[in-house]
Amino acid sequence: MSDGSKAANKGLPAVRLIGRKLLFLWLISMLILLSGCWDLRYLDKLGVVLALGVDEDPTGNQKLQLTVQVVLPQNVAAESKGGIGGTAVTTFTENGDTIFEAIRKMTTKTSRRLFFSHTQMLIISEQMAKKGIYPLVDLIERNPDIRTDISVVVTRGVRAADMLQLTTQMESIPVNQLHEMIEVNQVAYAMDYAMLVKDITRMTGEGKQQIALPSMRISGDKIMGHSNENVNNIPANAIPVLSTMAVFRDGKLIDYLTPKESRGLSWIHDKVKSTVVKLACPKSEGELVVEVQESATDIKVKKGKDGMPVIELHLRLTGGIQEIMCPGVEVSKEEVLLEIGELTSQAVKDEVESTIRRLQTKMRSDAAGWGKEVYLHQPEIWRRIEGDWETVFPKVKSQVFCTTIIMGSGIRGESIMK
Amino acid sequence: MLRPTGQGKGKADKKAGKRPAKAERHEQEQLDPFADKPLFKSLTQNLEAIKRELGESQDIIFRELLLTDVRRTKALIVYVQGMIDDERMNEFIIQPLHRDLFPQDGSLEPQEMLELMKSSQLSTGIVTDISDWKLLFQKLFMGYCIIFVEGADQAVGANVIGGARRGVEEPKTEMAIRGPREGFTESIRTNTSLLRRKIRSPKLWMEQWTIGEISQTPVSIMYVKGLADENVLKDLRERLEGINIDGILESGYIEELITDQVWSPFPTIMSIERPDAVAGNLLEGRIAILVDGTPFVLIVPSILNMFFQASEDYYQRFDIATFLRMLRFVSFMIALLMPSVYVAIVGYHQEMIPTQLLLKLAAQREGVPFPAYLEAFIMELVFEILREAVVRMPSAAGNTISIVGGLVIGQSVVEAGIVSPAVVIVVSFTAIASFVSPNYSLGIAARLLRFFLLLAASTLGFYGIGVVVLMLLLHLSNLRSFGMPYIKPFAPMFLKDMKDTLVRAPLWLMRERPQKLASGNRIRQSIETEPRKEPEQ
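Line by line, the protein sequences give chains A and B.
Position 170 of the first sequence, counting from 1, maps to 170 under the numbering used here, and the rest follow consecutively.
All you need for the numbering used here is the position in the second sequence, starting with 1, plus 1000.
See below:
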């Protein structure tokens, strides 16, 4: 065709236009290439860190020893297929003066870049907690790659590394077991409640609140617990066990609460969703159990006659009788239910008061968060006493009110015990 | 040469100076020497002329016969074998011509004999006078038989169109569970009649052109007078008349030649195979373009929303129809975005997925030799190849493809560890989602754009996807179909039209026709159609 050659001769501007368009296209496509694959991370080149453990450096040369629990995805998959793979996770340990330094130094031991976006737990050993935990959470708050909803726990009597190196039976990934343990306990028994890094940060704000963290220990032989053999036994040789809440003052571990006091703290912080309260039967030998199904705690701050704050705790519970191990409890009568409600309220009140006593007298730590309540409700009092809250707190008066409504007695009436 | 506005700016304009000259030359070659010349008086001359012009093609049948007048005048019937109905030909043309009808005194001129034939002998519906060659050939190839009489410089064409054509069958592309089972066929007459049977109104008007210098294809437009926008009609007529091409073999030719925007993956003219769907569109004030030789009827103006509407939506209850509408929108999004979102998450945004899912994905990626984006790209390509193969291959090979495609590619590739199962899941789900669209042509847009998005996701992650989606939105809001904004009623917003978009409101609520579409007569039903409540006792 003669068309083409003629068009080329006549249509120089057109050719130039096409050329310009092509140049533009070329530039745009270069843009795609030049921008490269910024931040591209291959999934199979990542070591997903699920938990951080902080111990003291045993050699004493540096300030801390960091242990990370890293998932081995190939083994997780092997387990789901029913094959016998290795352990689902492994740990790496490195010394350092700061956490970040230790993390980066860890590349001398890992073939993959450590990836912290899915980290779920920060485990701090008892010794390290006694030295203070505030320095340890700064990295987590500061670094955009690490979430701040990481659950923090203290190991009681064992090193954090041991806790992370323990194999577990119910969850193939041990961190899941530790993590879920706290959640499940909080929902069903409420001895402990989860504390996140962001909660700790918030507490350091106005109100001079002190921290309380859940604690964990290892029951059994912790050396045996490191091997996969551990989970092939029934029961396992070593298992992680949730212990009571650990109370801090100025970021340093002071002591642990007793189980009863620990749940008292949960009541104070309105962390109880459901729990069981054991009561002595009113008229006969034996016990009955009330399951608390709903619970709400309101804290009111009143001004006392001496100008000091008076804390009022109002607990409203709804529950049901779940177990009666004594004869003669006529649950079909309303006055019996009312009486049991009274008893429940009394029992809960005792728990809460024992916690308050412990915090005020022995520990002298405002882990109840009353400073914050005063700051929120009675700011003028707070302004006056803020300076010496540490000495004022043990003397703050408090009152606990508790009302319980018993809604039922399960799907059975009288106990079969006569 | 007239070109529709705004299309084909590239090459067409540059050659604009040359095109007309070429077209004229082309016309001359084609129709010379017969263009408008009259027929010959001599039968032999006419016969010779036809034979010479058609290169003595064997399927042209010349049937000579002697008429019954006293002079035994010679007559000639010409037709194309296979295009006429032989029985009708015998019964209504040849037999009557043998009958003793003409006056035996020999007083009739040949011309008068033709007239008599027309009025009293030929018993078919359509009979036409033919005086020039152009018309003669047009009619001949439409399936008329042409009757010459010795001594007359005119001929008569009689409609005995027949021969094998596909009957009215269920449409192959737009299935429906509830609704009419009939689909358009390749015959334009059948198709117009199918529409007439849906809309029995004198207001259903039709205009016809013959387009294609060589193919001489009949092209009709149909619309409801008073509902269709006169401006759109005028525009459409201009665009159709501006077409100058050798042949129109399918409505796709027309679509591409009159479309507003060629450089877009989104179809701005819709093609439909269902008469009920076309009728519905006509009632909303749109215009149908029917092309002979294809069951696909074009609708203008077409907007994006229409591609999510299935005719079945209006036959089912509005609640399920609304649910299905939303499902289609979601499926379109999935078909468009899922592979790229997967690639972006796995490559850039690992923190966004739940930990357990991340671990599963990571476990699957373990030992896979290719990066995720390459993997997704390969699998998408494999799927497209499979799909194309299935469409084109002889149906006897169907099982082979499904075994090879499903088993070998799906299973073995994963078992061999070359591709991770997650990618196979993503690609196959995308594939299924892309078939949800009731109209095929929108699925094509999603198919093409998917690769583009994949590229953006693999280089820039979610940021890249965001940029491309924004570009697409800009592009969509720039598109027009015969002056109609493509993403109407979303942008510009027409609240009243929203009743037939993501939701399909009950029919009695959709009292008005789409805005900016129906001219003048906007109300489609009276208020009385609203269901009456039970009278209160």
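Glycine residues also receive a C-beta, built at the ideal position from the N, C-alpha and C atoms.
Chain-ordered residues of the region 36-69 of chain A with a beta carbon less than 8 Å from chain B: Gly-36, Cys-37, Trp-38, Asp-39, Leu-40, Arg-41, Tyr-42, Leu-43, Asp-44, Leu-46, Val-48, Leu-50
9 Å Cβ cutoff, B:Gln-1309 in contact with chain A: no
Per-residue DSSP class, three states only, for A:Val-158: coil
Interface positions of the region 1047-1063 of chain B facing chain A (Cβ-Cβ less than 8 Å), listed along the chain: none
Selected residue, minimal CA-CA separation from A:Lys-306, among A:Ile-254, A:Val-396, A:Gln-346: Lys is not the amino acid found at residue 306 of chain A; the sequence shown has Asp there. The residue with the shortest Cα to Cα distance from A:Asp-306 is A:Val-396.
Selection of the region 111-138 of chain A by Cβ proximity to chain B, strictly under 8 Å: Phe-115, Ser-117, His-118, Gln-120
Nonlocal neighbours in the same chain, by C-beta distance under 6 Å from B:Asn-1305, ignoring five residues either side: Thr-1501
Inter-stretch contact at 8 Å, needing at least 3 Cβ pairs: the region 152-161 of chain A / the region 214-231 of chain A: yes
Cβ pair B:Val-1078, B:Ile-1060 closer than 9 Å: yes
Buried or exposed by the 16-neighbour rule on C-beta atoms within 10 Å, applied to B:Ile-1272: buried
Classification of B:Ala-1376 by the beta-carbon crowding that lies within 10 angstroms, buried from 16 upward: buried
Exposure label - A:Gly-410; buried when at least 16 CB within 10 Å: exposed
Separation of A:His-179 from A:Gly-413, as counted between CA atoms: 38 Å
Three CB pairs or more closer than 8 Å across the region 184-195 of chain A and the region 116-128 of chain A: no
Classification of A:Ala-296 by the beta-carbon crowding that lies within 10 angstroms, buried from 16 upward: exposed
Cβ shell of B:Ile-1161 (< 6 Å), same chain only, five flanking positions each side left out: Gly-1143
Contact check, B:Ala-1176 vs B:Thr-1124, beta carbons under 9 Å: no
Same chain, Cβ closer than 6 Å to A:Ala-368, five either side skipped, listed in chain order: Ile-268, Leu-359
Contact with chain A by B:Thr-1355, beta-carbon distance below 9 Å: yes
Spatially closest choice to A:Val-348 from A:Glu-323, A:Lys-260, A:Arg-384, by CA coordinates: A:Lys-260
A:Leu-257 versus A:Ile-239 - alpha carbon distance: 21 Å
Residues that B:Phe-1148 bridges to, as DSSP identifies them: B:Leu-1076, B:Ala-1155
Residue span of the beta strand (DSSP E) that contains A:Val-175, given as start and end: Taken as a continuous stretch (DSSP letters only), A:Val-175 belongs to no beta strand (DSSP E), being part of the alpha helix (DSSP H) at 174-188.
8 Å Cβ cut-off: residues of chain A touching B:Gly-1347: Cys-37, Leu-40, Arg-41, Tyr-42, Leu-43
Distance CB(B:Leu-1076)-CB(B:Arg-1063) smaller than 9 Å: yes
Rounded C-alpha distance that separates A:Gln-293 from B:Ile-1334: 43 Å
Beta-ladder partner(s) of B:Trp-1209, from DSSP: B:Val-1219
Beta-carbon neighbours of A:Val-331, restricted to chain B and to distances below 9 Å: Simply none; closest approach about 43 Å.
Beta carbon of B:Pro-1171 nearer than 9 Å to that of B:Ala-1445: no
Coil, strand or helix - B:Ala-1016 by DSSP: Low confidence applies to B:Ala-1016: its pLDDT is 41, below 50, so where it sits in the model is not reliable, and the reading given next is rough at best. Coil.
Given 8 Å, three or more beta-carbon pairs between the region 1295-1310 of chain B and the region 1337-1350 of chain B: no
Buried or exposed (CB count within 10 angstroms, at least 16 for buried), A:Ala-236: buried
Interface partners of A:Gln-177 on chain B, CB under 7 Å: Those within 7 Å of A:Gln-177 in chain B number zero; the least Cβ separation is about 14 Å.
Per DSSP, the bridge partner or partners of B:Phe-1062: B:Val-1078
Contact list for A:Gln-74 against chain B, beta-carbon separation under 8 Å: Ala-1363, Glu-1366, Gly-1367
Those residues which DSSP pairs with A:Thr-90 across a bridge: A:Val-70
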